[in-house]
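Peer 1: Handing you a structure now.
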Amino acid sequence: MNSSSQRSFVTTSHGRIAVEEQGHDGLPVLLIHGNSSCRGVFRKQLQSALAHGRRLIAFDLPGHGGSDNAPDPIRSYTRPSIADAAVELLAQLQVSEAVVVGWSLGGHIAIDMIARFPGLRGLMIIGTPPVGRDNMAAGFTGLPHARAASREQLSDAEIDDFVAAIFGASAEPFLRDAVVRTDGRFRSRLFEAIRTEADYTDQRVTVKESRVPLAVVNGDTDRIVKLDYLDTLSYGNLWEGRCHRLPGLGHASFWEDPTQFNPLLDRFLRDIESGR
0 MNSSSQRSFV TTSHGRIAVE EQGHDGLPVL LIHGNSSCRG VFRKQLQSAL
50 AHGRRLIAFD LPGHGGSDNA PDPIRSYTRP SIADAAVELL AQLQVSEAVV
100 VGWSLGGHIA IDMIARFPGL RGLMIIGTPP VGRDNMAAGF TGLPHARAAS
150 REQLSDAEID DFVAAIFGAS AEPFLRDAVV RTDGRFRSRL FEAIRTEADY
200 TDQRVTVKES RVPLAVVNGD TDRIVKLDYL DTLSYGNLWE GRCHRLPGLG
250 HASFWEDPTQ FNPLLDRFLR DIESGR
């Protein structure tokens, strides 16, 4: 990571959260990583010109990276609770308005923040199909490597397959280490709660009814998300009127090729900053 990054720990009701910030002034941008990953996956954004005149904030989810395992996994390792943790984090950082960029599970968390964070200026989701409990299969491929996302214990081979499916040839050792470090209870509880808990909103309805500017970005070779499904949804305020597909990139497009992704994010942020 860039030596000029500011690193800190923020105490929330869901445990101590590891935070990394780049830039100090201007629009705050919260970066939320996916299941069994870490904030380091946003290195190529934190160390880029995107931080000029902005405040980029990346953090490790509870049970991930440098953050603590949650003191109460049953409470904290659910999608709504992680959204609550993100809102707590922003309050502790004295951020009242921000754009949120969420990747994979991070995108689902970001969508749940729409109802929880009144200062949400804009939202970009990457590799995140908005689904309801009744249509999960419509948005995801369901390939064997994807099932690892819900399992508490993973073999070495399953970890390797999981990392390869997400990052392909762009994988670095720390991304595998992030899977190994993740509290396995996070994965199992996350999916148990999706099946059984009552407070899960239908994200199809959320993106249809929300007036928050929403950018939908995917790699066009994503092996986890059904991209055509995203084009069938109704959106209340879809940025540039279409879902964006980045050619030749997979599930982690922002990591695989920042030369394609970063200009797109910059354009979105500039539109938010200018009030378009």
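For what it's worth, numbering that gives the first Met the number 0 labels the leading residue of the sequence shown as 0, then goes sequentially.
Glycine included, every Cβ here is placed at the ideal spot set by N, Cα and C.
(1) Can you tell which of His13, Val9, Val40 and Ala69 has the C-alpha that lies nearest to the C-alpha of His250?
(2) Would you say Val215 and Tyr234 are within 9 Å of each other, going by their C-beta atoms?
(3) Closest by CA to Thr195, which one among Arg132, Gly33, Phe8 and Pro246?
(4) Check whether the Cβ atoms of Ile31 and Ile108 sit closer than 9 Å, and answer yes or no.
(5) When DSSP builds the beta bridges, which residues end up paired with Thr11?
(6) Excluding the 5 residues preceding and the 5 following Lys43 in the sequence, name in chain order all residues of the same chain whose CB lies nearer than 6 Å to its CB.
(7) Grab me the residues of Asn1's own chain with a C-beta within less than 6 Å of its C-beta, minus the 5 sequence neighbours each way, in chain order.
(8) In the structure shown, what three-state DSSP assignment does Ile110 receive?
(9) Taking the straight line between their C-alpha atoms, what separation do you get for Asp270 and Pro212?
(10) Ala192 to Arg120, Cα distance in whole Å?
(11) Just to confirm my understanding: we take His243, look at its own chain, exclude 5 residues before and 5 after, and list those with CB closer than 6 Å. What are they?
(12) Quick check on DSSP: helix, strand or coil for Ile125?
(13) Exposed or buried, which one is Glu277 when buried takes at least 16 other CB atoms within 10 Å?
(14) What is the residue span of the beta strand (DSSP E) that Val215 lies within?
(15) Which residues does DSSP pair with Arg53 in a beta bridge?
(16) Rounded to the nearest angstrom, what separates Gly65 and Phe166 at their Cα positions?
(17) To the nearest angstrom, how far is the alpha carbon of Glu157 from that of Asn34?
(18) Using 9 Å as the threshold, is the C-beta distance between His23 and Arg74 below it?
(19) Figure out for me which residue from Gly138, Arg15 and Asn134 has the closest Cα to the Cα of Pro128.
(20) For a test of the three-state rule: what should DSSP assign to Glu191, helix, strand or coil?
(21) Per DSSP, what are the beta-bridge partners of His243 in this structure?
(22) Is Leu268 closer than 9 Å to Arg53 when the C-beta atoms are compared?
(23) Go ahead and pull the three-state DSSP assignment for Val130.
Peer 2: Taking the coordinates as given:
(1) Minimum Cα distance to His250 is reached at Val40.
(2) With a cutoff of 9 Å on beta-carbon distance, Val215 and Tyr234 are scored as near each other.
(3) The shortest C-alpha separation from Thr195 is found at Arg132.
(4) Ile108 sits close to Ile31, with the two beta carbons spaced by under 9 Å.
(5) For Thr11, which the question treats as bridged, DSSP gives the partners Gly14.
(6) Same-chain partners within the cutoff: Pro257.
(7) Only weak support exists for where Asn1 lies, its pLDDT of 46 falling under 50; the value from the coordinates is given anyway. For Asn1, where only same-chain residues beyond five positions count, the Cβ hits under 6 Å are Gln46.
(8) Three-state result, Ile110: helix.
(9) Between Asp270 and Pro212, the C-alpha separation is close to 10 Å.
(10) About 29 Å.
(11) Excluding residues within five positions, the ones whose Cβ falls inside 6 Å are Val216.
(12) In the three-state scheme derived from DSSP, where H, G and I count as helix and E and B as strand, Ile125 is classed as strand.
(13) Not covered by the structure: residue 277. The range shown for the chain is 0 to 275.
(14) For Val215, the enclosing beta strand (DSSP E) covers residues Leu213 to Gly218.
(15) Arg53 is bridged to Leu26.
(16) So the alpha carbons of these two residues sit roughly 21 Å apart.
(17) Going from the Cα of Glu157 to the Cα of Asn34 covers about 15 Å.
(18) No, the pair does not count as a contact, with Cβ atoms beyond the cut-off.
(19) In terms of Cα proximity to Pro128, the closest of Gly138, Arg15 and Asn134 is Gly138.
(20) Helix, per DSSP.
(21) His243 pairs with Val216.
(22) For Arg53 and Leu268, yes; Cβs fall inside 9 Å.
(23) Looking at Val130 - three-state DSSP - the assignment turns out to be coil, as it is neither helix nor strand.
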